[in-house]
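For reference, the structure is listed below as C-alpha cells.
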Ligand SMILES: Nc1nc2c(ncn2[C@@H]2O[C@H](COP(=O)(O)OP(=O)(O)OP(=O)(O)O)[C@@H](O)[C@H]2O)c(=O)[nH]1
Ligand SMILES: [Mg+2]
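Residue numbers (our numbering): 390 to 846.
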C-alpha cells in the first residue's frame, strides 16, 4: 500500500492564506521529484545542500519572469518530516506568490496533496506511529494551552509507549501459549501465575489510560454552556463579565438580547463556548419571539445550562415556569444581582445540586462560577494540569476492545479452559492495541483519520 501511495511527488500550501496578511507563506513539496521540480523554478547562486537555507528567486521556467524572492529549505530524505525529499519554499505572504509557486510545481509534475497526506507519508514511512500522527492534527487544532500540551505529549510518544509495551507483553504471552500447544511435551509447564500477574498489570494500565477519555473529549470538543433565564436578570452582563469584554449589549430594558451571542473562553484548560440568549418570556414581538425559540434550542444543544435569576426580585412565577421547561437539562442555578438582593430572595428556590451567586455588573462571582463548572465536569484545573495524556474516541474504542479481550483471557484461565481458547482473545487484544499505534490498521481507517487533517499538513 505504501509504495503505491508514495510514488508521486506531492505539493501543497502549508500555511494559512489570507489576502494582505501573513508575512510568509510556505509551499511544501515531498517525494522523489521534489528536487528536480524545485531546481526547475528556483534560481540561486548557492549550492543545493540539505538542511541549509538557500536564498534566490522563483523564475518562471518558460517565460523567464521573476515571480518572487524566496528562501528555500531542502531536506533530503530520510532526514525530513515524510522521510522523503522535502522542499519548502518560504515565499512572501498573502495569496498570490504561494499560489504561483504551487501552480508551477503542479505544472512541473507534482500532484496536489490530499488533506494530511504529508503526515500520512510520515506514518507510512515509519517516522510517526498512528497516535503521533493524530497528535499532529490535534496540535494544529488545539483550542487551549492544555489541549496543545496533551497533543505534544502524544507526539512525543507518551501514549504509544505504554500501548506498545502492553502489546509486547501480550505477544510474549501468546508465544508462550502457542509453543505449549505445538510442543507441549518438550517444554516446562506454563507459569500460570506469572501470566495472571502480567495480565492484571496490563489491565491496570489499560484502565488508567481509558480513564483519560472523558477529559480528552472535553479538551478536543470543549464544553457548550448556555446562559438562560427571563429578561433583564443579567445574562448578557454575565457573559461580558466572564469574557472581560462588552461583547453583548446590556441595557435596563427587558428584551435587549434578540439573538444568540457567543463567546469563546478557556476554563481550567477546557475550551468553553458560552451562549448568551434572549430572555425567555411570552411576547407578541415577532423578532423577540424568534429569539426566545433560539434560546430554547440553545438549551437543547448545550452541555450545561446556566439558569440565571435576579436576586433583587427573588424567585418569580416566570422563573418557575422556565425552570419547569429546562430542569431536564444539566444546570447550574446562577443567582445574579446578589449585590442588590432582596431579603427574601431564597424563598421558593428549587433544590438544585449547584447554586452560584454572582454580581455580574461588578464582575463578582465569576471564579465561583468557573469552579462550579469544573466540578460539574468533575475536573478541577489541578487534575487537568496533571494529566499526561488524553485519548481520543478512536483510541478509546480500540482500547475498550483490548480491555474486554484481556478480561476474557483472565476468565478463560480462571475457568481452566484449553490453551486454544487463550489464544483467541489474546489475538483480539493484540490486534486492538495494534490499531491504536497503527501496526494493524486498514487502508479505510487510515483514510478516515487523515481526511480530518488540513491540507498541507
Ligand atoms: N446591580 C446589578 N445590576 C445588574 C447586575 N447584572 C446586570 N445588572 C443590570 O441589569 C440590567 C439588565 O442586564 P442585562 O445583562 O442586559 O440582562 P439580560 O438578562 O441580558 O436581559 P435580556 O437581554 O433582556 O434578556 C442592566 O441594567 C444591568 O446593568 C448585577 O449583578 N447587579
Ligand atoms: Mg441580554
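Ideal Cβ positions, reconstructed from N, Cα and C, are used throughout, including at glycine.
For residue i, does the three-state DSSP call read helix, strand or coil?
{"i": "residue 845", "result": "coil"}
{"i": "residue 660", "result": "strand"}
{"i": "residue 589", "result": "helix"}
{"i": "residue 789", "result": "helix"}
{"i": "residue 765", "result": "helix"}
{"i": "residue 516", "result": "coil"}
{"i": "residue 771", "result": "Only weak support exists for where residue 771 lies, its pLDDT of 44 falling under 50; the value from the coordinates is given anyway. Three-state DSSP puts residue 771 in a helix."}
{"i": "residue 444", "result": "strand"}
{"i": "residue 816", "result": "helix"}
{"i": "residue 414", "result": "strand"}
{"i": "residue 625", "result": "helix"}
{"i": "residue 430", "result": "helix"}
{"i": "residue 609", "result": "helix"}
{"i": "residue 409", "result": "coil"}
{"i": "residue 831", "result": "coil"}
{"i": "residue 478", "result": "strand"}
{"i": "residue 740", "result": "coil"}
{"i": "residue 532", "result": "coil"}
{"i": "residue 614", "result": "strand"}
{"i": "residue 693", "result": "strand"}
{"i": "residue 545", "result": "coil"}
{"i": "residue 699", "result": "strand"}
{"i": "residue 633", "result": "coil"}
{"i": "residue 706", "result": "helix"}
{"i": "residue 718", "result": "coil"}
{"i": "residue 402", "result": "strand"}
{"i": "residue 572", "result": "coil"}
Expressed to the nearest angstrom, what Euclidean distance is found between the alpha-carbon atoms of residue i and residue j?
{"i": "residue 821", "j": "residue 598", "result": "14 Å"}
{"i": "residue 771", "j": "residue 429", "result": "Note that residue 771 scores 44 on pLDDT, short of 50, meaning its location in the model is unreliable; the coordinates nonetheless yield the value given after this. Cα to Cα, the separation comes out at about 55 Å."}
{"i": "residue 489", "j": "residue 456", "result": "8 Å"}
{"i": "residue 698", "j": "residue 588", "result": "54 Å"}
{"i": "residue 414", "j": "residue 517", "result": "25 Å"}
{"i": "residue 558", "j": "residue 527", "result": "29 Å"}
{"i": "residue 586", "j": "residue 573", "result": "22 Å"}
{"i": "residue 471", "j": "residue 511", "result": "4 Å"}
{"i": "residue 398", "j": "residue 503", "result": "12 Å"}
{"i": "residue 654", "j": "residue 663", "result": "7 Å"}
{"i": "residue 392", "j": "residue 819", "result": "No answer about residue 392 holds up, because its pLDDT of 40 lies below 50 and its placement is not dependable."}
{"i": "residue 422", "j": "residue 403", "result": "18 Å"}
{"i": "residue 843", "j": "residue 837", "result": "13 Å"}
{"i": "residue 841", "j": "residue 401", "result": "16 Å"}
{"i": "residue 709", "j": "residue 613", "result": "24 Å"}
{"i": "residue 603", "j": "residue 799", "result": "26 Å"}
{"i": "residue 497", "j": "residue 491", "result": "10 Å"}
{"i": "residue 505", "j": "residue 529", "result": "11 Å"}
Using CA coordinates, which residue listed in the options is at the minimum distance from residue i?
{"i": "residue 661", "options": "762, 647, 603, 468", "result": "762"}
{"i": "residue 582", "options": "420, 805, 521", "result": "805"}
{"i": "residue 630", "options": "407, 757, 803, 586", "result": "757"}
{"i": "residue 556", "options": "566, 673, 595", "result": "595"}
{"i": "residue 460", "options": "410, 417, 666", "result": "417"}
{"i": "residue 468", "options": "504, 491, 439, 485", "result": "439"}
{"i": "residue 687", "options": "530, 666, 679, 655", "result": "666"}
{"i": "residue 634", "options": "749, 690, 710, 736", "result": "749"}
{"i": "residue 523", "options": "760, 782, 700", "result": "782"}
{"i": "residue 566", "options": "830, 498, 811, 434", "result": "811"}
{"i": "residue 458", "options": "452, 451, 482", "result": "482"}
{"i": "residue 494", "options": "529, 799, 450", "result": "450"}
{"i": "residue 764", "options": "789, 720, 479, 537", "result": "720"}
{"i": "residue 601", "options": "801, 788, 797", "result": "788"}
{"i": "residue 784", "options": "830, 638, 754", "result": "830"}
{"i": "residue 435", "options": "463, 803, 487, 695", "result": "463"}
List the whole-angstrom C-beta distance separating residue i from residue j, where the pair is believed to meet the contact cut-off of C-beta under 8 Å.
{"i": "residue 725", "j": "residue 627", "result": "6 Å"}
{"i": "residue 826", "j": "residue 625", "result": "Going by Cβ atoms, the distance from residue 826 to residue 625 rounds to 48 Å, so no, they are not a contact pair."}
{"i": "residue 743", "j": "residue 727", "result": "At roughly 15 Å, the Cβ-Cβ gap does not stay under 8 Å, so residue 743 and residue 727 are not in contact."}
{"i": "residue 644", "j": "residue 668", "result": "6 Å"}
{"i": "residue 591", "j": "residue 834", "result": "With a Cβ gap of about 24 Å, residue 591 and residue 834 do not count as contacting."}
{"i": "residue 560", "j": "residue 476", "result": "About 40 Å separates the two Cβ atoms, so there is no contact after all."}
{"i": "residue 563", "j": "residue 808", "result": "Contact flag wrong, Cβ pair sits at about 10 Å."}
{"i": "residue 647", "j": "residue 622", "result": "Not really, about 16 Å apart at Cβ, beyond 8 Å."}
{"i": "residue 691", "j": "residue 615", "result": "4 Å"}
{"i": "residue 552", "j": "residue 484", "result": "Not confirmed; about 42 Å, so no contact."}
{"i": "residue 619", "j": "residue 670", "result": "6 Å"}
{"i": "residue 899", "j": "residue 607", "result": "Past the boundaries of the shown model lies residue 899; the chain is included only from 390 to 846, so the question cannot be answered."}
{"i": "residue 426", "j": "residue 499", "result": "6 Å"}
{"i": "residue 752", "j": "residue 730", "result": "Not a contact, Cβ separation roughly 17 Å."}
{"i": "residue 570", "j": "residue 611", "result": "Actually they do not touch by this definition, with Cβ atoms about 50 Å apart."}
Tell me whether residue i, by its Cβ, gets closer than 8 Å to a heavy atom of ligand 4.
{"i": "residue 625", "result": "Looking for ligand 4 in the displayed structure turns up nothing; the ligands present are ligand 1 and ligand 2."}
Review point. On the three-pair Cβ rule with 8 Å, is the stretch 543 to 552 touching the stretch 777 to 785?
Key: Yes, they touch.
Review point. Would you call the stretch 516 to 536 and the stretch 439 to 447 touching, i.e. three or more CB-CB distances under 8 Å?
Key: no
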